[in-house]
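A short write-up of the structure that comes next.
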Amino acid sequence: MSRGALALLIRGGTQNWSAERWKARFDKVCGDRRVLQGAEATSDPKDVHYAAVWKPVPGELAAFPNLKVIFNLGAGVDAVMADQSLPNVPLVRVAVGDLTGRMTEYVVQHVLMHHRQELYLRQSQRDKRWRPKYQWSANAISVGIMGLGTLGADAAEVLRRIGFRVAGWSRSPKQIDGIDCFSGDGQIDAFLQRTDILVCLLPLTPQTRHILNREVFAKLNRTSPLGAPVVINAGRGGLQNEADILACLDDGTLGAASLDVFETEPQPPESPFWTHPRVLLTPHNAADIDPDEISKYVARQIERFEAGGALDNVVDRKRGY
Numbered sequence: 002m003s004r005g006a007l008a009l010l011i012r013g014g015t016q017n018w019s020a021e022r023w024k025a026r027f028d029k030v031c032g033d034r035r036v037l038q039g040a041e042a043t044s045d046p047k048d049v050h051y052a053a054v055w056k057p058v059p060g061e062l063a064a065f066p067n068l069k070v071i072f073n074l075g076a077g078v079d080a081v082m083a084d085q086s087l088p089n090v091p092l093v094r095v096a097v098g099d100l101t102g103r104m105t106e107y108v109v110q111h112v113l114m115h116h117r118q119e120l121y122l123r124q125s126q127r128d129k130r131w132r133p134k135y136q137w138s139a140n141a142i143s144v145g146i147m148g149l150g151t152l153g154a155d156a157a158e159v160l161r162r163i164g165f166r167v168a169g170w171s172r173s174p175k176q177i178d179g180i181d182c183f184s185g186d187g188q189i190d191a192f193l194q195r196t197d198i199l200v201c202l203l204p205l206t207p208q209t210r211h212i213l214n215r216e217v218f219a220k221l222n223r224t225s226p227l228g229a230p231v232v233i234n235a236g237r238g239g240l241q242n243e244a245d246i247l248a249c250l251d252d253g254t255l256g257a258a259s260l261d262v263f264e265t266e267p268q269p270p271e272s273p274f275w276t277h278p279r280v281l282l283t284p285h286n287a288a289d290i291d292p293d294e295i296s297k298y299v300a301r302q303i304e305r306f307e308a309g310g311a312l313d314n315v316v317d318r319k320r321g322y
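By our numbering, the letter at position 68 of the sequence shown is numbered 69, and the numbering carries on one by one without gaps.
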């Protein structure tokens, strides 16, 4: 098998998604393999056997007639899967320890912020008010994680070690030591009813779109020390019904929300999420990945594939993840 070129099709407006930064990393780890960026790749399409992508333009990948593998540089593959002309070759998702660790950091940070009443304490600081409230222990709070893949399972285990009561829900049955695992439509209500802080790390599929909605929020536990349940979404923006989130925050169905992802990114200046007093907003950086680790991961996969080995973490296109 010849050493085909690697095309980089990367589009992102933030520092971590600078196309030049990724090109420098891939040049370093790919040895004598040609790494072609943007227009350079499309000018020589027959030589491209591999593509490393982030938010590629629909139809862009179909321009490479000899493409063998697509590597999606982020955890979510829904943007790539939406391309109706996507070539019928393996689509590989990123799954490295660095990404998993970063997501766990984010989930634990935000669970702890709500548990430790950070919104109230920061407002107290602004008001110069020294009036601490009673602080309950971690084992008084039940955290429920929707999505028990690599990311969800790791976050669940760390939260359990801190002392939280942790449950998880997934489409198919899972078993994780020390975690109460629920699955399928038949068990989702029981999972929600025992959850004080709901963490969503599901993939975005037709079945999960807008799963974070009023109906789900109304089933969360309302008798915890938090007073009202909290939602944390670090999965995909399409998982949340944003109108429902705002309405539920305003009428008390939800007590607070941490949101890292949105249907429109970046959020427009007029979005109420920027200034809502019970929202912690972050700019889709919960698991911003390290180009060094990811470029090495892709290069290793390509070398193994060319030697006749199997690819890891290939997306099941029927399931969408």
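Cβ atoms here follow ideal geometry from the backbone N, Cα and C, with glycine treated the same way.
Note that this is a predicted model, so its numbers are computed, not measured.
Which listed residue (the options) has its alpha carbon closest to that of residue i
i, options, result
"D261", "K134, G150, A248, A287", "A287"
"N381", "W275, T283, N140", "In the structure as shown, the chain starts at 2 and stops at 322, and residue 381 therefore has no counterpart that could be examined."
"D293", "Q110, N17, R4, G145", "N17"
"R117", "S138, D186, R320", "S138"
"L324", "D289, K319, R320, K129", "For the chain, the structure presents residues 2 to 322; residue 324 sits outside this window and is missing."
"G60", "L10, K29, D45", "L10"
"L213", "G228, T206, V232", "V232"
"R172", "P270, F192, E41", "F192"
"D45", "K24, V30, N67", "N67"
"K176", "G164, T209, E158, T43", "Note that residue 176 is Gln in the sequence shown, not Lys. When only C-alpha atoms are compared, the closest one is E158."
Under 8 Å between C-beta atoms of residue i and residue j
i, j, result
"V36", "L7", "yes"
"M147", "L221", "no"
"L240", "L205", "yes"
"R279", "A257", "yes"
"Y121", "K134", "yes"
"S143", "T196", "yes"
"L160", "C182", "no"
"V315", "L92", "yes"
"F72", "A52", "yes"
"I180", "G164", "no"
"V217", "A156", "no"
Neighbourhood of residue i by C-beta, 6 Å cutoff - its chain only, sequence neighbours within 5 removed
i, result
"P174", "S184"
"G236", "C201, L202, L203"
"R103", "A288"
"K297", "V30"
Rounded separation between residue i and residue j - CA only
i, j, result
"A311", "V95", "15 Å"
"H50", "A219", "49 Å"
"P270", "V90", "40 Å"
"R166", "E21", "44 Å"
"V112", "V97", "23 Å"
"Q126", "A154", "35 Å"
"P131", "E119", "Note on identity: in this sequence residue 131 is Trp, with Pro being the wrong assignment. Straight-line Cα distance between these residues: approximately 14 Å."
"K24", "A76", "19 Å"
"V58", "K69", "18 Å"
"A141", "S225", "7 Å"
"R223", "Q194", "9 Å"
"F65", "G238", "30 Å"
Contacts around residue i, its chain only, beta-carbon distance under 7 Å, and the 5 residues preceding and following it disregarded
i, result
"A63", "S86, P88"
"M2", "Note that M2 has pLDDT 47, beneath the 50 cutoff, so the model's placement of it is unreliable and the number below is only indicative. Once the five neighbours on either side are set aside, the close Cβ partners of M2 are E307."
"W55", "I11, R12, G13, W18, L74, G75"
Spatial neighbours of residue i in its chain, beta-carbon cut-off 8 Å, leaving aside the 5 residues before and after
i, result
"D190", "K220"
"T276", "none"
"G228", "G256"
"G321", "V78, D79, M82, P204, L205, T206, P207"
"Q302", "V70, F72, V93, L312, D313"
With contact counted as at least three CB pairs below 8 Å, one residue from each stretch, are the region 262-280 and the region 293-305 in contact? Taking one beta carbon from each stretch, the region 262-280 and the region 293-305 have fewer than 3 pairs nearer than 8 Å; the two do not touch.
Give a yes or no on contact between the region 72-90 and the region 25-44, applying the rule of three or more CB pairs nearer than 8 Å. The region 72-90, when compared against the region 25-44, does not touch it at the 8 Å Cβ threshold.
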